[in-house]
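2 protein chains.
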Amino acid sequence: MADELELELDRLVHEPGRLAILTVLSSVRNADFTFLLQVTGLTKGNLSSHLSKLEAAGLLTIDKSFVRKKSHTAVALTSEGRQRIAAHWAQLDRLKQLATAPAPAPTTAPRPHDR
Amino acid sequence: MADELELELDRLVHEPGRLAILTVLSSVRNADFTFLLQVTGLTKGNLSSHLSKLEAAGLLTIDKSFVRKKSHTAVALTSEGRQRIAAHWAQLDRLKQLATAPAPAPTTAPRPHDR
DNA sequence: CCAAACTGGTTTGTGTCACAAACCGAGTAT
DNA sequence: ATACTCGGTTTGTGACACAAACCAGTTTGG
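Those protein sequence lines, which keep their order, are chains A and B. Take any residue in the first sequence, count from 1 to its spot, add 156: that is its number in the working numbering. Take any residue in the second sequence, count from 1 to its spot, add 156: that is its number in the working numbering.
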């Protein structure tokens, strides 16, 4: 018993670029492409594909429109997205606790060489 | 000015398996292969390659010996490793702050359609 | 008017890499 | 001797993050 700690991380969310995107969105409600570009430091291509992936996974919505003749992409978390990013930070906190709370057995302490 | 937030993440450390390994090691000082296997939930092959990578990067040392006729692999952080994992958690904390502290401009607010 | 440059993105090509499966050597029962 | 386990390492492969190239439209400038 007490086999495995449940510390699996959500890879979709954990990836640095996406973690930044989602975290920013969680405080801002809606942001446009250009803003995300600046705050995350990602390249355009990169940001674009991360957003597509997150949209496909249902974590955010992408709303395209034209503002002053130019295309404008607004992004916002879905409620699931909001939940997933919050859960991920919670999970990271839990993992971090391992840094101070030793688990099952510190080391399978076999004497250097018995016999 | 105030262009880019410095929120790049150390990919070597950030990868879930390695993050778990390093975090555990940071509290335990020395652990053996089998222990890490249990606590991280990684497969043997996986753990082996992550350890090799971390050793190659100088974040930990791998000490192989024979204990009671069986091979025994002890792993411990180097001081650099200790520093890198601590720095990473600090960096994650910083990123997390974005969830509560809006940066440069919430949204590049272009009026719906001026003239 | 035409072209060059800029804006706001998307698509494509490629190298990296995390993963599990297969393997391996040595020890330990049978 | 044969099979099984223990403690790992190597290998093959699919996924994917990245930047470069591209694209549609707009503004600038001559």
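C-beta atoms are modelled at their ideal positions from N, C-alpha and C, and glycine is treated no differently.
Chain B contact residues for A232 of chain A, given Cβ-Cβ distances below 8 Å: Neighbours of A232 of chain A on chain B: none; closest Cβ ~10 Å, over 8 Å.
Can you give the Cα-Cα distance for L181 of chain B and D188 of chain B, rounded to whole angstroms? 10 Å
Quick check: the Cα distance between L163 of chain A and Q253 of chain A, rounded to an integer number of angstroms? 11 Å
Are the CB atoms of T234 of chain A and T217 of chain A nearer to each other than 8 Å? yes
What residues match up with A187 of chain B in a beta bridge as DSSP calls it? B:V231
Looking at L146 of chain B: is its Cβ nearer than 8 Å to the Cβ of I177 of chain B? A question about residue 146 of chain B goes unanswered here, because the residues of chain B that appear run from 157 up to 271.
In its own chain, which residues sit with a C-beta less than 8 Å from the C-beta of H170 of chain B, not counting the 5 before and 5 after it? H244
Starting from L203 of chain B, follow the alpha helix (DSSP H) in both directions and report where the run begins and ends. K200 to A212
Can you list the residues of chain B that L216 of chain A reaches, using a CB-CB cut of under 9 Å? None at all; the shortest Cβ gap to chain B is about 14 Å.
What is the DSSP secondary structure of D249 of chain B, reduced to helix, strand or coil? helix
What number of angstroms, rounded off, separates the C-alpha of R230 of chain B from the C-alpha of S204 of chain B? The identity of residue 230 of chain B in the sequence shown is Ala, whereas the question assumes Arg. For A230 of chain B and S204 of chain B, the distance between alpha carbons rounds to 12 Å.
Name the one or two DSSP bridge partners that D219 of chain B has. B:A230
If distances are taken between C-alpha atoms only, which option among A:H228, A:Q247 and A:L251 comes closest to N186 of chain A? A:H228
DSSP state of E236 of chain B, grouped into three classes? helix
Work out the CA separation of T256 of chain B and L198 of chain B for me, nearest whole Å. 34 Å
Any C-beta of chain A under 8 Å from that of K252 of chain B: yes
Return the first residue and the last residue of the alpha helix (DSSP H) that R167 of chain B is part of. R167 to H170
Using a threshold of 8 Å, state whether the C-beta atoms of A213 of chain A and L168 of chain A are closer than that. yes
Best match in A:T190, A:R240 and A:P172 for proximity to K226 of chain A [C-alpha to C-alpha]: A:T190
Whole-Å CB distance - E236 of chain B paired with L215 of chain B, under 8 Å assumed: 6 Å
Just tell me which of B:S183, B:V184 and B:N202 has its CA closest to the CA of G173 of chain B. B:N202
Between the C-alpha atoms of E211 of chain B and T179 of chain A, what's the straight-line distance to the nearest angstrom? 32 Å
Measuring only between beta-carbons, confirm whether S182 of chain A sits less than 8 Å from chain B. yes
Beta-carbon proximity check, L251 of chain A vs L175 of chain B, cutoff 8 Å: yes
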